[in-house]
Structure formats: structure tokens, C-alpha cells
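Each residue of the sequence shown is one higher than the one before, counting from 1 in UniProt numbering.
Accompanying notes for the structure given below.
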Amino acid sequence: MRICNTYKLHSLIQKLIKSTLVILLKETVKMVKLLCIKMGGTVSHFFQSGSALLSAGNHRGCSEQTRTRIRTVFDALRANPKVTAHRLEGLLSQIPKSENILVVHNEEGYNLLQKCVGINNVDMVRWILSRNTDLNRGPCSFPLHIACLKGYDDCVELLLKHGARIDVEARMCWPGPHNQACEERGKFCVPDDRADRSSDKLQSAICYAIDGDQVETLELLMQQGEDHWLPWQQKRPLLHIACERGAWNCVKYLVAERSEEINQCYDEYYPIHQAALRPIKFLELLISCGASTSVCTATQQMTVLHLVFLLGKKSAEETLQTCKLLLDHGLREKINQADSLGNTPLHGLIVRYALEEARYGYDSDNQPWNKWDVLHLVRFLLQNGARPSINQPGNSALACVLRHVRDWEFRYELLNMLLQEGGNPNVVGRDGSVPLMVCLVPLINKDPLHHFTHTMKVCYLNCVRILLKHGANPNCSSRSNLTPLHVLMFSASENMTLGRDLDQNMEFIRSLLVLLLQHGLQTNIQFSTRAHHIWQALLGMLSSTRNSCDMQHVYNLTLTFLQYGANPDISIACSTCETSVASQIYLRSAGSLPVLYHYVILISRKDDLIFDSQQRFASLIWLYALTMGHKELYSTLAALLRAQEAGIIPVRATALCALLKELNTRPRTLKQMVRCVIYRCIDRQPGLNVNKLPLPPSLKDYILNFEQ
Numbered sequence: 001m002r003i004c005n006t007y008k009l010h011s012l013i014q015k016l017i018k019s020t021l022v023i024l025l026k027e028t029v030k031m032v033k034l035l036c037i038k039m040g041g042t043v044s045h046f047f048q049s050g051s052a053l054l055s056a057g058n059h060r061g062c063s064e065q066t067r068t069r070i071r072t073v074f075d076a077l078r079a080n081p082k083v084t085a086h087r088l089e090g091l092l093s094q095i096p097k098s099e100n101i102l103v104v105h106n107e108e109g110y111n112l113l114q115k116c117v118g119i120n121n122v123d124m125v126r127w128i129l130s131r132n133t134d135l136n137r138g139p140c141s142f143p144l145h146i147a148c149l150k151g152y153d154d155c156v157e158l159l160l161k162h163g164a165r166i167d168v169e170a171r172m173c174w175p176g177p178h179n180q181a182c183e184e185r186g187k188f189c190v191p192d193d194r195a196d197r198s199s200d201k202l203q204s205a206i207c208y209a210i211d212g213d214q215v216e217t218l219e220l221l222m223q224q225g226e227d228h229w230l231p232w233q234q235k236r237p238l239l240h241i242a243c244e245r246g247a248w249n250c251v252k253y254l255v256a257e258r259s260e261e262i263n264q265c266y267d268e269y270y271p272i273h274q275a276a277l278r279p280i281k282f283l284e285l286l287i288s289c290g291a292s293t294s295v296c297t298a299t300q301q302m303t304v305l306h307l308v309f310l311l312g313k314k315s316a317e318e319t320l321q322t323c324k325l326l327l328d329h330g331l332r333e334k335i336n337q338a339d340s341l342g343n344t345p346l347h348g349l350i351v352r353y354a355l356e357e358a359r360y361g362y363d364s365d366n367q368p369w370n371k372w373d374v375l376h377l378v379r380f381l382l383q384n385g386a387r388p389s390i391n392q393p394g395n396s397a398l399a400c401v402l403r404h405v406r407d408w409e410f411r412y413e414l415l416n417m418l419l420q421e422g423g424n425p426n427v428v429g430r431d432g433s434v435p436l437m438v439c440l441v442p443l444i445n446k447d448p449l450h451h452f453t454h455t456m457k458v459c460y461l462n463c464v465r466i467l468l469k470h471g472a473n474p475n476c477s478s479r480s481n482l483t484p485l486h487v488l489m490f491s492a493s494e495n496m497t498l499g500r501d502l503d504q505n506m507e508f509i510r511s512l513l514v515l516l517l518q519h520g521l522q523t524n525i526q527f528s529t530r531a532h533h534i535w536q537a538l539l540g541m542l543s544s545t546r547n548s549c550d551m552q553h554v555y556n557l558t559l560t561f562l563q564y565g566a567n568p569d570i571s572i573a574c575s576t577c578e579t580s581v582a583s584q585i586y587l588r589s590a591g592s593l594p595v596l597y598h599y600v601i602l603i604s605r606k607d608d609l610i611f612d613s614q615q616r617f618a619s620l621i622w623l624y625a626l627t628m629g630h631k632e633l634y635s636t637l638a639a640l641l642r643a644q645e646a647g648i649i650p651v652r653a654t655a656l657c658a659l660l661k662e663l664n665t666r667p668r669t670l671k672q673m674v675r676c677v678i679y680r681c682i683d684r685q686p687g688l689n690v691n692k693l694p695l696p697p698s699l700k701d702y703i704l705n706f707e708q
């Protein structure tokens, strides 16, 4: 009895193990099939229908008679989109079942099934599906995708029943004509060609249902598609897609159906980031359903405000309402938060206006923002706590304005507002330059002043003036040790070489120079590694003069420097006037001498100057002679006399030699000597101090302009 019971127990255990293994095997096969469905492609086709690969139906041809009949069907559908298969039975019955009718296309490039689905002719769709057609192949515009886009639920159910797969992705040319190179359309399409295209990228049926905002179709597909997800897989973030596409009905459905996606990050963004770019009702809905407004993008660390300004295409009024909603629901604490590049929302707003100015990436239908809209938005941000963003460490908003905004009048208005709200003009920008350098550096470019109108020049001067008024350092430098003085001298030299609108451009540069000198620009510091003083830079400019008329511009700049502290007695060593070997030996032995010496030597080498009938070079020599100290002047004149005797100054320069002789033999007048004493007493800065002297206007002008 015991042996019998043991045998029965053993047999029962074997049966249990066997049944368990069978169940596990079935579950494994089921899981593999589901996995292959997700993988797509030919492997999935093999599991779904093993005979599909072996069937010749996928490669069936079509006779010319059948093509003619199908074209007749196209004509009938064009005449009556609701025509039934029963009405066309006489024609359809003549089409052999062995032929593939889907290889025939109409003039738009679509087959009969695509056409019937597109016009929602369910009866004709049912007849076509009865011919064992393949629904998951084709270059684009799959029948299921067309039905989902338009929300034709009857067609969707019918197509799903006959094997159309939800997870297959394809492009969409419909409702426009089919493009034979649709797979390359995203690269080479004409912008206007996108108007009637649903999608230039690969998408599944669910995405097309969302594109069409077909909530009932979406619900149907979600019910059908739940079985395709494995337990460990993340579901497709449909709420993200719906917010991105602006599908209002789908968003309302998904916030309730998939509430776990409301604060889920996918592909850098949260749903609220996409909703903020849509009409404000999207944002209100997500916030009411618990969406956090303080979330940032994963890599760039941009807040919702960043995206509203940088990517949004709303009107200024809609943008303002969006900002108010966000700030009232938790984003006020992050109004000064910078992204990974150091840009705060205030920076983003400035860049947005620059894009509006250029109309970059915007359709002509969108009303562009005007400067008053932007000023209103900037003022709103500042009133709500964005003042610290103006002086963002390493990324000055003032520099951002000067770098991106083209309209000089608006630049001034925006700079004025930011400076009055506490902007520091000495905070560096992202490239290491302070706002003043960002403003001046474009003058280095070839011929920028040629394109400046009078209004632009006035606004340019006003921008520089307001920066200096609020404490900008005129002796600042960039990372490459470029200073405002370098920029202006280089620009002056370039304009001398180009000679285009020279008088107006040189006067503008001189006005900028005077503005900087009035606010403390230093002139007696080392100018560069090659030119140790500003006088050497002026000598270089003199050597590049095209004719004697250009001497007046060199004179004006020299007078300006002398009026604001440049020392004419400083001894410099200059190589620009060294020509022959004999000259080099002599000049090296002479050592360092004041700029007047080098100026005369340089003039003596330029025939167009020494033979000038108006002797324009003389005014500059007199200017130096009337500002130099007594000892320095006559030691320089003695050195020039020795150079003349040594043949360094050519004998043919008769006018120059006569002028040097006159300077040597004719002493200064008492009035000139007194002026020289006053000039030294006011620290060689009559431009700053002459108005403080208790003198009549005529004497002030005499001291300021060094008249003979």
C-alpha cells in the first residue's frame, strides 16, 4: 500500500512539473512574440504571419487591363466619393484576385486603398481589404496613418482587424501629392512645400492621431496598443507629444488617462515646456493638474521662461500673460536662474527681440514684436525680481544688448532702462569683454562706418555716453588686451586707407575719442608691444596717408590728444622713418627723441607732403612746437639741424628746411610762453580744465586750440 501511494505521488509530481514547463514555454513564446512586435521589421512579420514571407502575393503584378479598370475606379471616386462597391460591382468583378491592385497609383501618387481611406469610403475599403492586401508596406502615407490623422474610426477599426500594425512608423505626404523622394524631403524640400504635408519624419499611428487631435481615435489605439508593451518598458510619452503638437482635445484626455506623465521628463523636456509654447489654456490645464513650473530641461537647464522667450512664437501680449501665469504659480523664485550658458530669462528676452528684428525662423503671418513690446516685457521682468539678472556674473545683460540688438535707437532705450535699474557697466560679458568693449569692437571690422547713417552715429555716441556716465571704465581691456584706444586708432587708420566718406567717419571717430578722453581715457600709457606710445600710432597713420589732404585728419587727432593730457615731450624710438643703411646708423646713434623729430624725418621721406603747395605739414610741426617744453623743443630742433647737415633730411625739401630754420631763429612770443606755462599747470588737459580758468572766451580758445 505504501509503495502504491509513493508511486501515485511520484506520478502526480511528474505531471505537475510537465504542466508547469508547458505553461512556462507558452509564456516564453508569447513574450518573444511581443518583443518582436516591438522590434518591428521582417522578424515581426515572420512571427505574425509565417506564410507572408513565402506568399507570392506580396510580389504580384498587375495587367494593363486591370490598371485601366483601377483608373476607372479612381475616376468614379473623384465624381462621387461615396460610391459603394455594390455600384461598381460590374467593374470590380472583372479584376482578378491574383493581381495586386495597390501597385496602381492615381495622378497624385496614391493607390486605391490610400485614396478610399482618405475620403472615408468604408465600403470600398472593406472590398479592398478582402483581397488580402499588405497594409504595413509602402514608402509613406500608410492607410492606418491617414485614417488616424483624419479620425475615421470605422476605417481604423477595419484596418486594425485586417492586420494593420499600430507600431509601424512612416512619413506622410498626404493630403498633398506624393513626393517620389519623400524620404529625402526633410533635407531638400522647398519651405512652401511643407504647407500641405502632415509630417516629414517617421511617426506611428498614435502620433498621427495626436497630429489630427483625434481623441476618440487615440483612445481606440491606446486600447489596442496596451498589449504591445512589455512590463519593463517605458510607455510612449503621449502627453509630451500632444503638448508639442498642440492637440488640445488629446491633452485634456491624457492628463486624466496618463497623469503620471505630467511631471515626467522625456527627451530633455517636460510636458509643461511644450505647453508653454502653445495657447495659454494648455498651460492653465497642466498647472491645474499639478504640473511643476520650476522644472528645467535636462542638459541646457532652461526654465519654462527661457523657452517662452527663446522658442515661443506668441504675440507680445500672449507672452506677457504666459509670464504672469508662470510667475504666479511658483516660477518667481527662479526668475534669475541661468541656463548652462549663463543666460537668464532676461538674456533670453533680449535674444528673442534680436530674432524678431532679423525675422529669423518666423513666418510672415506672425506679427513681429516692436521695441515698445520688448521694453514693456523687460520692465515687467525687472519689476518682478529680475534685477540681479542684469549683472549676471560672467554674462552682463548690458553686453548682451550691445551684442545682439541691431537697432541703435532701441539699444540706447534698453541700456538706459537697465542702467537705471542698477546695471553695472563694468561686469564682463560671456566673452570676457565689458559692455563698452562690446560696443566699440565692431568698429575694427572693414568699413562698418560706411553703412552708418547719421541717426545711427548719434545713437552710437549716446550709447557710449550713457555707459561712461554710469561708471564704465574707458581704460578697460578685453581678454586679448584690446582697449578702446586700440579700437579707435585702428578704425581711424583703416578709414584713412579706405578713404570712403573720410571726413564724416574721421569726425565720428574723433567724437568718440573726445567722449572717452573726457571720462578719463589715459594717453601716456604703453599703447602696444610695437608702439609704446600713442604718438607712434599717429606716426604710423601718417605713413599711410594717401595724399596731403589727409594731413588734416592727423592734425585733428593730434590736437585732440594734446588737449587731453598726451605729453609731447616724451622721447620715443621709432623705426618707421628708417630707410637707408646710413639713416639707420645715424638714427640709432641719435637715441630716443620727442615725436617732433620723428615726425619731421618721416615727412622728409614723403615727396607728396614736402612738395605740397599749401604746406599742410607745417601746421602739425607748429602744433608740436607750441606745446613742447622750452628745453625739449630746442634740443629737438638742434637734433634736426644735425640730421639736415648729415643729409638725413634731403636738400630738395626746401619748404621743410625753411620752416625748421624759422623755428630755430624765431623765439616764442611772451603770450605763447605764458600759454605753455598754463598748459603745464593744468596737467596738459585744457580740454577738461580750461573752462575753470577765470579768462575771457577768446583766451580760453587760444589756450585750447594752440593758435599761433
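The C-beta atom is built at its ideal place from N, Cα and C for all residues, glycine as well.
Item                                                                                                                               : Value
Any chain C beta carbon closer than 8 Å to Asp-683                                                                                 : Checking the listed chains, one finds no chain C in this structure; it contains a single protein chain.
N- and C-terminal bounds of the alpha helix (DSSP H) containing Arg-171                                                            : That residue, Arg-171, is in no alpha helix (DSSP H); its beta strand (DSSP E) goes 170-175.
Local conformation of residue 713 per DSSP, three classes                                                                          : The displayed coordinates of the chain run from 1 to 708. Any statement about residue 713 would go beyond what the structure contains.
beta-carbon Cys-207 near the ligand FMN non-hydrogen atom, thresh 7 Å                                                              : You won't find the ligand FMN in this model; it holds no ligand whatsoever.
Phe-410: first and last residue of the uninterrupted alpha helix (DSSP H) it sits in                                               : 408-420
C-beta contact flag for Leu-436 and Leu-467 at 8 Å                                                                                 : yes
Identity of the residues DSSP links to Ile-572 by a beta bridge                                                                    : Leu-593
Own chain partners of His-105 with C-beta closer than 8 Å, once the 5 adjacent residues on each side are dropped                   : Asn-111, His-178
Three CB pairs or more closer than 8 Å across the stretch 428-443 and the stretch 369-387                                          : no
Counterpart residues of Tyr-266 in DSSP-defined beta bridges                                                                       : Tyr-269
Touching by the beta-carbon criterion (3+ pairs, under 8 Å), the stretch 61-81 and the stretch 132-148                             : no
For Trp-369, three-class secondary structure by DSSP                                                                               : coil
Simplified DSSP state of Met-628, which is helix, strand or coil                                                                   : coil
Assigned exposure category for Ala-358 - 16 Cβ within 10 Å defines buried                                                          : exposed
Member of Cys-657, Leu-633, Lys-631 whose CA lies at the smallest distance from the CA of Ala-643                                  : Cys-657
Residue range of the unbroken alpha helix (DSSP H) whose run includes Asp-550                                                      : Here Asp-550 belongs to no alpha helix (DSSP H), and DSSP marks it neither H nor E.
CB of Ile-280 within 8 Å of CB of Pro-271, strictly                                                                                : no
Beta-carbon proximity list for Leu-402, same chain, < 6 Å, skipping 5 on both sides                                                : Pro-435, Val-438, Cys-439
Backbone secondary structure at residue 725 - three-state DSSP                                                                     : Nothing can be reported for residue 725, as the shown portion of the chain is limited to 1 through 708.
Sufficient close CB pairs (3 or more, under 8 Å) joining the stretch 405-416 to the stretch 349-358                                : yes
CA-to-CA distance, Asn-524 to Ile-534, given in whole angstroms                                                                    : 7 Å
Continuous alpha helix (DSSP H) assignments of at least 4 residues falling wholly in the stretch 613-666                           : 617-627, 630-645, 654-665
Assumed close pair Asn-426, Asn-473 - CB separation to whole angstroms, cut-off 8 Å                                                : 6 Å
Residues near Leu-559 by beta carbon distance below 8 Å, same chain, minus five either side                                        : Leu-623, Asn-705, Phe-706
Check whether Leu-596 and Tyr-564 have beta carbons under 8 Å apart                                                                : no
DSSP three-state assignment for Arg-71, whether helix, strand or coil                                                              : helix
Other residues of its chain near Leu-515: CB distance less than 8 Å, five sequence neighbours each side excluded                   : Leu-461, Val-464, Arg-465, Leu-468
Candidates Asp-167, Thr-483, Trp-127: closest to Val-83 by CA position                                                             : Trp-127
Rounded separation between Ser-493 and Gln-504 - CA only                                                                           : 14 Å
Beta-carbon gap between Leu-218 and Ile-206 smaller than 8 Å                                                                       : yes
CA-to-CA distance, Gly-118 to Glu-99, given in whole angstroms                                                                     : 23 Å
Closest residue to Lys-324 among Lys-371, His-376, Gln-300 (Cα-Cα distance)                                                        : His-376
Reference Leu-91; option with closest CA among Glu-107, Leu-482, Leu-202, Met-124                                                  : Met-124
Contacts around Leu-202, its chain only, beta-carbon distance under 8 Å, and the 5 residues preceding and following it disregarded : Glu-169, Ala-170, Arg-171
Neighbour-count burial assignment, Ser-592, 16 or more Cβ in a 10 Å radius                                                         : exposed
Meets three-Cβ-pair contact criterion under 8 Å: the stretch 264-278 and the stretch 295-310                                       : yes
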